[in-house]
Amino acid sequence: MKISSRHIGKILIDDIYSVSGNLLLKKGTILTQKHVESLQKHNYSFDHTLLIEQPTHHSNDYFEHVKTIYQNSVNAFRTVFLKLEKEKLPPIEEINQLLAPLVDRFFEDPVFISYIQQVKNHDNSTYTHSLNVGLYASLIGKILGLDREKIKLLGQMGLFHDVGKLLIDKNILHKPGRLTESEWNEIQKHTTFGYELLRINKSIDPLILQGALLHHERLDGSGYPTRLKHEKIPYFVQILSVADMYDALSSERSYRPKQNLFVTTKILIQEASYNRLNPAIVYPFVRCILSNHIQDMVILNNGQLAEIIFVHADEPHLPIIRIDDHYIDLRKRKDIEIVDFAH
Ligand SMILES: [Fe+2]
Numbered sequence: 511m512k513i514s515s516r517h518i519g520k521i522l523i524d525d526i527y528s529v530s531g532n533l534l535l536k537k538g539t540i541l542t543q544k545h546v547e548s549l550q551k552h553n554y555s556f557d558h559t560l561l562i563e564q565p566t567h568h569s570n571d572y573f574e575h576v577k578t579i580y581q582n583s584v585n586a587f588r589t590v591f592l593k594l595e596k597e598k599l600p601p602i603e604e605i606n607q608l609l610a611p612l613v614d615r616f617f618e619d620p621v622f623i624s625y626i627q628q629v630k631n632h633d634n635s636t637y638t639h640s641l642n643v644g645l646y647a648s649l650i651g652k653i654l655g656l657d658r659e660k661i662k663l664l665g666q667m668g669l670f671h672d673v674g675k676l677l678i679d680k681n682i683l684h685k686p687g688r689l690t691e692s693e694w695n696e697i698q699k700h701t702t703f704g705y706e707l708l709r710i711n712k713s714i715d716p717l718i719l720q721g722a723l724l725h726h727e728r729l730d731g732s733g734y735p736t737r738l739k740h741e742k743i744p745y746f747v748q749i750l751s752v753a754d755m756y757d758a759l760s761s762e763r764s765y766r767p768k769q770n771l772f773v774t775t776k777i778l779i780q781e782a783s784y785n786r787l788n789p790a791i792v793y794p795f796v797r798c799i800l801s802n803h804i805q806d807m808v809i810l811n812n813g814q815l816a817e818i819i820f821v822h823a824d825e826p827h828l829p830i831i832r833i834d835d836h837y838i839d840l841r842k843r844k845d846i847e848i849v850d851f852a853h
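Okay, structure coming up:
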């Protein structure tokens, strides 16, 4: 049987190979337009029993379901933030209830995070950013094998880390273009303001306070507000900093558009190599994020198209890629770089 566009969305139940024996698609692949076109190019015919319908959780309905959960959380979180701004009393319980359904999903569904990547808002608002950072911090906790309670705590640290921005002049916070030195000093105060605001709630976990105060500290002492170094920065706050930087880079800013996944992960790896972020946190996170894109088509800096084949644990930003029938390990070809997805 010839492959055609009516097979898009079906799942492959076995590996398929070209006539010359090269692996074309791995078992478990959900066929996309790109896959169908590439199989047509290879003149591929196959047994239709190789394809099955998607289980419901991969369907469009499921995608819409994740989108609804996320949007509801963003809306609920906006209400909580506005209340906090008015009453200045952090509603910890409400926040916990808000985050729990999302974090539970990480345990039940390994592909949940790749859906979040697609549905998340990239706007510049503090509550959207905080929710995203809560999700990424929880995800990192899960990747690092922490237990459910700690993962929830990381989520809360994310949700509250930038709460001090509520007390910063909105004109400075949303100023388009570069900031002056005094404006920048003002913005930096969100760390201490957040700490002071959260401290009013006596039952708050001390790590949530430290998260708000220290999430812009860097391991080499180049951060703010106190230029703490290395082990003086709690491990959970180091996780929070990675999640914060990742979401900040992948969101739009007034002075630049949002950056693609290959740029953001490369910057995180650079930050780890400059000893600003902890490599033991950055590498597993980048590996997880990029592994969600195995079999995706990408554009290289030489203009060629390639497919991501394998993401290494030690250098996840330099995966093995395939161009036609050639496999290239980017660890050995520093002249070749992935610039973006091929859309
Ligand atoms: Fe911040």
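The opening position of the sequence shown corresponds to residue 511 in the working numbering, with each subsequent residue numbered one higher.
Heads up, the beta-carbon is just placed ideally off N, CA and C, and yes, glycines get one too.
Cβ-heavy atom distance, residue 757 to ligand 1, below 6 Å: no
Selection from 686, 527, 612 that minimises the alpha carbon distance to residue 767: 686
Segment limits, alpha helix (DSSP H) that includes residue 755: 745 to 759
The beta strand (DSSP E) enclosing residue 807, as first and last residue numbers: 807 to 810
Closest residue to residue 532 among 835, 674, 774 (Cα-Cα distance): 835
Any non-hydrogen atom of ligand 1 within 6 Å of residue 672 CB: yes
Three CB pairs or more closer than 8 Å across the stretch 572 to 580 and the stretch 654 to 665: no
Inter-residue spacing [alpha-carbon to alpha-carbon] between residue 827 and residue 516: 35 Å
Residue 522 vs residue 539 beta-carbon contact at 7 Å: yes
Counterpart residues of residue 555 in DSSP-defined beta bridges: 512
Per-residue DSSP class, three states only, for residue 584: helix
Beta-carbon gap between residue 743 and residue 727 smaller than 7 Å: yes
Top-ranked residue by Cα proximity to residue 534, from 822, 816, 852: 816
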